[in-house]
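Since the structure comes first, as structure tokens, the remarks are kept for the end.
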Amino acid sequence: MIAGAMLGMLAPGAHAEAFPDKPIRLVVAFSAGGPTDIIARVIARDMGTRLGQQIIVDNRPGAGGDVAAEFVAKAPADGYTLLYNSSSIAISPALFNNTRLNPDQIFAPVA
Numbered sequence: 007m008i009a010g011a012m013l014g015m016l017a018p019g020a021h022a023e024a025f026p027d028k029p030i031r032l033v034v035a036f037s038a039g040g041p042t043d044i045i046a047r048v049i050a051r052d053m054g055t056r057l058g059q060q061i062i063v064d065n066r067p068g069a070g071g072d073v074a075a076e077f078v079a080k081a082p083a084d085g086y087t088l089l090y091n092s093s094s095i096a097i098s099p100a101l102f103n104n105t106r107l108n109p110d111q112i113f114a115p116v117a
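So in the working numbering, spot 5 of the sequence shown is number 11, and the numbers just go up one at a time.
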């Protein structure tokens, strides 16, 4: 029995996949060239340097940020699609009855 327990100790450790192993998409809820886009591109550049992976900025303006939010909400929850939006996404459910998204239930904050 002791030999069996020791044999289990010789098994190779499980290795998690390295993250990120492909480019990350940063979806911006505003038009290209504006102040929010410029900040998002600076963040993407620095994040890409730190992670050693390309960060693709994808501008999807419209509907007060809902176009970008819906796109990210439908993406796989694998950490490769991130949303960069303003505080309007958090305020909209309190202001409007017909919002299609509830950010508290759909998204997880990163920072």
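For glycine and all other residues, C-beta sits at the position ideal for the given N, C-alpha and C. It should be emphasised that the depicted structure is a prediction, and the values quoted were computed from it without experimental measurement.
message: Please identify the residue among R56, R31, V63 and P29 whose C-alpha is closest to the C-alpha of I44.
response: V63
task: Quick one: residues in its chain with C-beta nearer than 6 Å to the C-beta of P99, no 5 flanking neighbours on either side, listed in chain order?
output: T105 and N108
query: Is R31 helix, strand or coil when you go by DSSP?
result: strand
query: So, are the CB atoms of Y86 and T42 less than 9 Å apart?
result: no
- request: Spell out the partners DSSP gives V63 in its beta bridges.
  value: L32
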